[in-house]
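Residue numbers (our numbering): 7 to 439.
Input: a single structure, listed below in structure tokens.
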Amino acid sequence: MIKFEHICVLGLGYIGLPTASLFATNGFRVTGVDTNPRVVETVNRGEVHIEEPGLNTLVHAATQSGRLVATSEVPEADVYIIAVPTPIAADKRPDLSAVEAAARAIAPRLRPHNLVILESTSPPGTSVGLVWPILAQSGLEPGKTVHLAHCPERVLPGQILFELLENSRVVGGFSRRCGELARGLYASIVGGAIHVTDVTTAEMVKVTENTFRDVNIALANELALVAERVGVDVWEVIRLANLHPRVNLLSPGPGVGGHCISVDPWFLVDQAPAESRLITTARRVNDAMPAFVEAKLARLFPAGQSLHIAVLGAAYKGNVGDHRESPALEVVRRLEEAGHTVAVCDPHVTKLDYPPLVSVEEAFTGADCVLLLTPHNEFRGLDPDWLGDLMRHRVLLDTRAFLDRKAWQAADFQVMTLGDGTARPRRVLPRAC
Ligand code: SAJ
């Protein structure tokens with residue numbers, strides 16, 4: 007029976023830091039490794055560099071106990087967990103350089119019976135085709151003297167800690183034994199079921215989950231475009247269609263952002279471009295939504311007019327401060343490029359290079375239109391009467407159908423949502439019908 011005591015987590019980001027802290031607070035000795043010296047210093051002070059509910063307290067507890075220490079050097083350990091970013095490059099191809107660098111840093115430290123786990127979401131084939139050949143340079147044999155598994159993270163930003171503990175996990179082993187060893191390790195922190203499969207299947211499962219969500223959202227977004235043509239409200243269509251027991255459409259919006267759903271489908275496309283036509287189209291439909299928002303807004307005012315637009319939200323989704331790949335920022339960029347003045351407020355985003363964030367009052371003062379892009383709960387508490395008095399025109403375009411339409415209408419706002427059918431008049435039925 008192999009006993010794991012010392013875990014080295016490579017990458018102290020959204021997944022690595024909570025995972026390292028959870029293992030530490032569950033009795034393991036954990037070394038967290040990050041290439042960014044500021045991250046190492048912050049964690050060793052018991053603080054966090056990312057915004058996630060509850061993470062501060064957990065990291066503080068882990069470092070206070072002396073069981074979590076951050077460093078920039080990979081030590082010898084029993085288990086290595088790779089939790090580094092796997093972004094896409096400008097050409098939409100996966101950039102696995104951080105995974106490769108992590109594997110290269112681990113290889114010289116490997117000893118018999120070590121377990122190496124890739125947690126980073128990766129294209130199917132990464133463990134076998136990229137990670138293992140590098141680890142094999144240690145002279146150890148896969149599935150025999152050293153163990154390799156893929157345990158993709160599946161947690162939702164904004165509720166990472168809860169989901170790390172409660173979600174089920176899929177664990178893929180290079181061999182059955184590798185999978186069982188990884189299952190045993192995760193069972194010490196995970197309350198949900200742990201399903202063991204082979205390593206490449208586990209990689210594809212994770213990417214499939216996010217691709218499913220992306221394609222579903224793309225369908226909702228496409229329905230919003232169709233509804234605008236037909237002249238009906240897509241939100242009412244989706245609400246009623248979802249009453250069917252076998253229909254579960256997600257919601258339209260200004261696009262799909264974040265570091266997961268807007269990225270991971272490209273991992274499948276990269277593996278099989280000719281076969282991934284639907285997946286590619288879904289990505290393109292979602293990426294086209296910021297342009298659709300801009301066009302819908304432009305139609306509300308006389309052509310050529312330069313507007314002052316109050317934007318609610320910069321984060322990629324509601325109630326988080328993460329603005330990576332945020333469609334809100336793409337909408338803002340487009341509006342500014344079209345000559346409009348845009349004032350953005352976001353109570354969750356703390357660091358943003360551009361645009362500068364302003365208070366709600368500043369954003370609304372003199373505005374021709376309010377544009378809601380991110381559904382933060384705080385925006386539900388806004389007082390349309392007071393804000394309307396600050397504005398030049400009382401117009402609201404709510405891309406998430408999030409605000410209380412009746413309350414804003416009662417304050418004399420002209421209220422539109424994305425896909426509400428107001429872009430064009432309702433089409434009459436063709437005569438043949
Ligand atoms: N969005 C819509 N309409 C919807 C739902 C979401 O437009 O109906 C948009 C959001 O506003 C956001 C984007 O999609 O811009 C993605 O948000 P999300 O909440 O759907 O997902 P993420 O990226 O925050 O987290 C996903 C999750 N995957 C699945 O639910 C299948 C999470 O469980 C994964 O762990 C995470 O990706 C990841 O790390 O891969």
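The beta-carbon is built from N, C-alpha and C at its ideal position, and this holds for glycine as well.
Kindly identify the DSSP beta-bridge partner or partners of P100.
-> For the purposes of this step, residue 100 is taken as the residue at position 94 of the sequence shown. In the DSSP output, where bridge partners are listed per residue, P100 has I94.
Helix, strand or coil: which one does DSSP assign to R289?
-> To locate residue 289, count along the sequence shown from 1; it is residue 283. Reduced to three states, the DSSP call for R289 is helix.
Does the distance from the C-beta atom of V196 to that of L225 stay below 8 Å?
-> Indexing the sequence shown from 1 puts residue 196 at position 190. Indexing the sequence shown from 1 puts residue 225 at position 219. For V196 and L225, no; Cβs fall outside 8 Å.
Less than 7 Å between the CB of G259 and some heavy atom of the ligand SAJ, yes or no?
-> For this step, residue 259 is matched to residue 253 along the sequence shown. A distance criterion of 7 Å places the beta-carbon of G259 in contact range of the ligand SAJ, judged by its closest non-hydrogen atom.
Per DSSP, what kind of secondary structure is N63 in: helix, strand or coil?
-> Mapped onto the sequence shown, residue 63 falls at position 57. For the sequence presented, residue 63 should be read as Thr rather than Asn. Helix at T63.
Can you list, in chain order, the residues of its chain whose CB lies under 6 Å from that of G22, leaving out five sequence neighbours each side?
-> Taking the first residue of the sequence shown as 1, we reach residue 22 at position 16. So the qualifying residues of the chain are V15 and A89.
Is it right to say A280 is buried, meaning 16 or more other beta carbons lie within 10 angstroms of its own, or is it exposed?
-> Position 274 of the sequence shown, counted from the start, is the residue given in the question as residue 280. When all chains shown are included, A280 counts as exposed.
Specify, as a first and last residue, the run of the alpha helix (DSSP H) that Q277 falls within.
-> Here the question's residue 277 lines up with position 271 in the sequence shown. Q277 -> alpha helix (DSSP H) spans P271 to Q277.
Enclosing beta strand (DSSP E) for R115 [first to last residue] = For this step, residue 115 is matched to residue 109 along the sequence shown. Looking at the DSSP string, R115 is not in any beta strand (DSSP E), and its letter there is neither H nor E.
Do P163 and the ligand SAJ come close, with the Cβ less than 7 Å from some heavy atom?
-> The residue labelled residue 163 in the question sits at position 157 within the sequence shown. Within the cutoff, so yes.
If G319 sits next to L358, beta carbons under 8 Å apart, how far is it from one beta carbon to the other, in whole angstroms?
-> Start at 1 with the first residue of the sequence shown, and residue 319 comes out as number 313. Start at 1 with the first residue of the sequence shown, and residue 358 comes out as number 352. Not really, about 12 Å apart at Cβ, beyond 8 Å.
P381, buried or exposed, once every other Cβ within 10 Å from all chains shown has been counted against 16 | Walking along the sequence shown from the start, residue 381 turns up at place 375. Buried, since its Cβ has 16 or more Cβ neighbours within 10 Å.
Determine the DSSP secondary structure at M422, reduced to helix, strand or coil.
-> Within the sequence shown, numbered from 1, the residue matching residue 422 stands at position 416. If DSSP states are grouped into helix, strand and coil, M422 belongs with the strands.
Residues near T31 in its chain [Cβ-Cβ closer than 6 Å; skip 5 each side] = What you label residue 31 is simply residue 25 of the sequence shown in a count that begins at 1. A67 and A68, listed in sequence order.
Which listed residue (N383, A413, W392 and A417) has its alpha carbon closest to that of G164 | The residue you call residue 164 lines up with position 158 of the sequence shown. Ranking the options by Cα distance to G164, first place goes to N383.
N-terminal and C-terminal residue of the beta strand (DSSP E) that D86 is part of | Position 80 of the sequence shown holds residue 86. This sequence places Tyr at residue 86; Asp is not what is there. Taken as a continuous stretch (DSSP letters only), the beta strand (DSSP E) holding Y86 covers V85 to I88.
Less than 8 Å between the CB atoms is what I'm expecting for L61 and L167, so what's the real figure, rounded?
-> By 1-based counting over the sequence shown, the position of residue 61 is 55. By 1-based counting over the sequence shown, the position of residue 167 is 161. 7 Å between Cβ atoms; contact.
DSSP on V46, reduced to helix/strand/coil?
-> Taking the sequence shown and counting its residues from 1, the one referred to as residue 46 is at position 40. Correct three-state label for V46: helix.
heavy atom of the ligand SAJ below 7 Å from V262 C-beta = Indexing the sequence shown from 1 puts residue 262 at position 256. V262: yes, Cβ under 7 Å from the ligand SAJ.
Throw me the rounded Cβ distance for the P260 and P333 pair, which I believe falls under 8 Å.
-> Residue 260 sits at position 254 when you count from the first residue of the sequence shown. Residue 333 sits at position 327 when you count from the first residue of the sequence shown. Confirmed, Cβ separation roughly 5 Å.
Where V355 and V317 are concerned, what is the direct C-alpha to C-alpha distance, given to the nearest angstrom?
-> In the sequence shown, the residue the question calls residue 355 occupies position 349. In the sequence shown, the residue the question calls residue 317 occupies position 311. Cα to Cα, V355 sits roughly 13 Å from V317.
Just the C-alpha distance for C439 and V236, rounded to the nearest angstrom, thanks.
-> The residue labelled residue 439 in the question sits at position 433 within the sequence shown. The residue labelled residue 236 in the question sits at position 230 within the sequence shown. Any reading at C439 must be qualified, since the residue scores a pLDDT of 46, below 50, and its modelled position is unreliable; the value itself is stated next. In a straight line, the C-alpha of C439 is about 15 Å away from that of V236.
Would the beta-carbon of R219 be found less than 7 Å away from any heavy atom of the ligand SAJ?
-> What you label residue 219 is simply residue 213 of the sequence shown in a count that begins at 1. Yes - the ligand SAJ has a heavy atom lying nearer than 7 Å to the Cβ of R219.
C-beta atoms of P114 and L146 nearer than 8 Å | Within the sequence shown, residue 114 is the residue found at index 108, counting from 1. Within the sequence shown, residue 146 is the residue found at index 140, counting from 1. Contact: no.
Straight-line gap, F419 to R400 (C-alpha atoms, nearest Å) = Sequence index remark: in the sequence shown, residue 419 carries index 413 (1-based). Sequence index remark: in the sequence shown, residue 400 carries index 394 (1-based). Roughly 5 Å between the two C-alpha positions.
What residue does the alpha helix (DSSP H) around V75 start on, and which one ends it?
-> Looking up residue 75 in the sequence shown gives position 69. Counting along the chain, V75 falls outside any alpha helix (DSSP H), though it belongs to the beta strand (DSSP E) covering L74 to T77.
Report the three-state DSSP secondary structure of G190 (helix, strand or coil).
-> Taking the first residue of the sequence shown as 1, we reach residue 190 at position 184. Of the three classes helix, strand and coil, the one that applies to G190 here is helix, per DSSP.
V317 by DSSP, collapsed to three states: which one?
-> Locating residue 317 in the sequence shown gives position 311, where the first residue counts as 1. Three-state DSSP puts V317 in a strand.
From G372 to L393, what does the alpha carbon distance come to, in whole angstroms?
-> Taking the sequence shown and counting its residues from 1, one reaches residue 372 at position 366. Taking the sequence shown and counting its residues from 1, one reaches residue 393 at position 387. So the two alpha carbons sit approximately 10 Å from each other.
Out of curiosity, what's the CA-to-CA distance linking R35 and K212?
-> On the sequence shown, position 29 is the one that residue 35 refers to. On the sequence shown, position 206 is the one that residue 212 refers to. Cα to Cα, the separation comes out at about 28 Å.
Please classify L154: does DSSP put it in a helix, a strand, or coil?
-> As a first step, residue 154 is located in the sequence shown; it is residue number 148 there, counting from the start. L154 falls in the strand class under three-state DSSP.
Would you mind working out which of E331, L102 and A188 sits nearest V202, comparing C-alpha positions?
-> Residue numbering aside, residue 202 sits at position 196 when the sequence shown is read from its first letter. Here the closest residue by C-alpha is A188.
Looking only at C-alpha atoms, which of L284, H156 and D410 sits nearest to V122?
-> Residue mapping note: residue 122 aligns to position 116 of the sequence shown, counting from 1. When each option's Cα is compared against that of V122, the closest is H156.
Does the Cβ of K150 have 16 or more other Cβ atoms within 10 Å, making it buried, or fewer, making it exposed?
-> Position 144 of the sequence shown holds residue 150. K150 comes out exposed.
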